[in-house]
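Residue numbering for the sequence shown follows the numbering used here, starting at 57 and increasing by one per position. These notes concern the structure reproduced below.
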Amino acid sequence: MLSLKDLKKLDRDDVLDLIGLETRRTTAETALPALGIFAAGLLVGVGVGLLMADKPGQQLRGDLRQRIQGGQEKLTSAINNARGDSQQGAGSTVPPGQRTT
């Protein structure tokens with residue numbers, strides 16, 4: 057049997073444990089640790105990938121820059137094609153990163 061001093065020391069989780077229950081975890085309590093572990097793994101993977109690369113840093117950065125720009129151009133042309141199909145010549149579009157004055 058519990059004494060009065062023991063009862064004062066009990067918190068909500070202790071009381072629920074005594075009757076065989078537990079508190080319900082929120083979605084944030086479940087998802088945030090998993091996202092943190094995923095992000096840490098992603099960073100470690102990127103770091104290992106860069107360390108294991110067979111090209112020097114400057115050449116690797118240049119190749120990555122070209123691939124990203126190529127992807128941007130493909131995406132821009134796909135968007136322009138989609139807009140052209142839906143708007144039928146509504147005007148020219150400006151590629152991202154270029155301003156019109």
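Every residue, glycine too, gets a C-beta built ideally from N, C-alpha and C. Small disclaimer: the values here were computed from a predicted structure and weren't measured.
Check, Outcome
"Alpha helix (DSSP H) segment containing residue 80, residue limits", "No alpha helix (DSSP H) holds residue 80; DSSP gives it neither H nor E."
"Three-state secondary structure (DSSP) of residue 133", "helix"
"Pair within 9 Å by beta-carbon distance, residue 116 and residue 106", "yes"
"Own chain, CB closer than 6 Å to residue 109, minus 5 neighbours either side, in chain order", "116"
"Residue span of the alpha helix (DSSP H) that contains residue 111, given as start and end", "Careful: residue 111 lies outside any alpha helix (DSSP H) and carries neither H nor E."
"Extent of the continuous alpha helix (DSSP H) to which residue 66 belongs", "Where residue 66 is concerned, there is no enclosing alpha helix (DSSP H), given that its DSSP letter is neither H nor E."
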